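Counting the sequence shown from 1 gives a position; this note's numbering is that position plus 534. For every residue, glycine included, the Cβ atom is placed at its ideal position computed from N, Cα and C. All values reported here derive from a predicted model rather than from experimental measurement.
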Amino acid sequence: MLAWGGYDLGVFPPMHCSPPFGIGNCSRGNSSTEPYIALHNMLLAHASTARLYKQTYKV
535 MLAWGGYDLG VFPPMHCSPP FGIGNCSRGN SSTEPYIALH NMLLAHASTA RLYKQTYKV
């Protein structure tokens, strides 16, 4: 949801979007690629955090 709202529609920070996808002022960003890059990085961060949690707190 964050990647879609922030990088495709431009309604959440960082408010990147490109016509015709965005709502409002779409002066920067690329709605065709940026949501996927952002989501990819979110998934990598989640996997890293889950791995660290397992190694640290689960025995």
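How is residue i classed by DSSP in three states: helix, strand or coil?
{"i": "histidine 550", "result": "coil"}
{"i": "glycine 563", "result": "coil"}
{"i": "glycine 539", "result": "helix"}
{"i": "aspartate 588", "result": "The amino acid occupying residue 588 in the given sequence is lysine; aspartate does not appear at that position. It is helical."}
{"i": "isoleucine 594", "result": "Limits of the chain in this structure are 535 at one end and 593 at the other, which puts residue 594 out of reach."}
Please classify residue i as buried or exposed, where buried requires at least 16 neighbouring CB atoms within 10 angstroms.
{"i": "tyrosine 541", "result": "buried"}
{"i": "histidine 580", "result": "exposed"}
Out of curiosity, what's the CA-to-CA distance linking residue i and residue j?
{"i": "leucine 543", "j": "methionine 576", "result": "18 Å"}
{"i": "asparagine 559", "j": "histidine 574", "result": "25 Å"}
{"i": "proline 554", "j": "leucine 578", "result": "29 Å"}
{"i": "arginine 562", "j": "proline 548", "result": "10 Å"}
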